[in-house]
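Taken in sequence, the protein lines are chains A and B.
Number 155 marks the last residue of the first sequence (this note's numbering); no jumps.
Number 127 marks the last residue of the second sequence (this note's numbering); no jumps.
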Amino acid sequence: DAGITQSPRYKITETGRQVTLMCHQTWSHSYMFWYRQDLGHGLRLIYYSAAADITDKGEVPDGYVVSRSKTENFPLTLESATRSQTSVYFCASKGLGGIPEASGNYEQYFGPGTRLTVT
Amino acid sequence: QKEVEQDPGPLSVPEGAIVSLNCTYSNSAFQYFMWYRQYSRKGPELLMYTYSSGNKEDGRFTAQVDKSSKYISLFIRDSQPSDSATYLCAMSRGGFSGTASKLTFGTGTRLQVTL
């Protein structure tokens, strides 16, 4: 199916464990993003990628690692999970920018989210 | 102070009411303004998009941008129970670089439209 998918949808893990959240998109979009959503903070950018092998930090990158060896995949790894990383994680993708008036060039398409609980 | 401020609500209105949702921002470099709608336990989806100042209408929805006041609004006419969701404003500087592609989101306003 075309679109953007995330796995797992729900995950419970223990403090100190490594966890990897997967994101896959079928549009060959250049840009991919990882956000976390918490009450009172809204969506905050963790990392983003402009293309394969190009990644950069967002607003809250500490404790997270990303890689992008293929255009369609953008995994997010929590190397040693902490309770403060309990959150809902969203992956998004976007095509290249272009004509400013065309919303399709700026729209980010979001996945369904992964609800992560760290105990 | 956050770059984008949005009242979290919740906002409860009766069916048929006109709803006004607002965001203020501090970064004058923002040029692209979006409203995303997020249903419970779903990912956000783009609802409205505006480039620079002005109004944009799409069916029952109207987006307004006042760059001089750094204030954006979303109006929903004849609100329906199916409009019950969280509405997030988002902004971007625009351009082609990775940094310019980033969106800054408000915290979202939860809207409940009652029968």
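Note that beta-carbon positions come from the ideal geometry of N, C-alpha and C, so glycine has one too.
Spell out whether any CB of chain B is found under 8 Å from the CB atom of K130 (chain A). yes
Residues of chain B with a CB under 8 Å from the CB of H77 (chain A): which are they? T119
Residues of chain B with CB closer than 8 Å to the CB of E143 (chain A), please, in chain order. Here the neighbours are M46, L58, Y61.
State the DSSP-derived secondary structure class of S91 (chain B), mapped to helix, strand or coil. Secondary structure of S91 (chain B) (DSSP, three-state): coil.
Exposed or buried, which one is T119 (chain B) when buried takes at least 16 other CB atoms within 10 Å? buried
List, in chain order, every chain B residue whose beta-carbon is nearer than 8 Å to that of Y83 (chain A). Correct list: empty, because the minimum Cβ distance to chain B is about 11 Å.
Among residues of its own chain, excluding the 5 on either side of G94 (chain A), which ones have a beta-carbon nearer than 7 Å to its beta-carbon? L81, I82, Y83, Y84
Only counting the same chain, and skipping five residues up and downstream in sequence, which positions put a Cβ closer than 6 Å to that of L57 (chain A)? L112, Y125, T150
Below-8 Å beta-carbon distance, L86 (chain B) vs any chain A residue: With 8 Å as the cut-off, L86 (chain B) does not count as an interface residue toward chain A.
What separation, rounded to the nearest whole angstrom, lies between the Cα atoms of V16 (chain B) and A97 (chain B)? V16 (chain B) and A97 (chain B): Cα-Cα distance of roughly 20 Å.
Contact set between the region 23-55 of chain B and chain A, restricted to residues whose Cβ is under 9 Å from the partner: Flagged, chain order: Q43, Y44, M46, Y48, Q50, R53, K54, G55.
Going straight from the alpha carbon of Q124 (chain B) to that of K54 (chain B), what length do you get? Taking C-alpha positions only, Q124 (chain B) is separated from K54 (chain B) by approximately 16 Å.
Interface residues of chain B facing G149 (chain A) [CB-CB closer than 7 Å]: G55
Locate the beta strand (DSSP E) running through G66 (chain B), then write down its first and last residues. 66-70
For the region 106-122 of chain A, enumerate the residues whose C-beta is nearer than 7 Å to any C-beta of chain B, in chain order. The region 106-122 of chain A vs chain B, Cβ under 7 Å: nothing.
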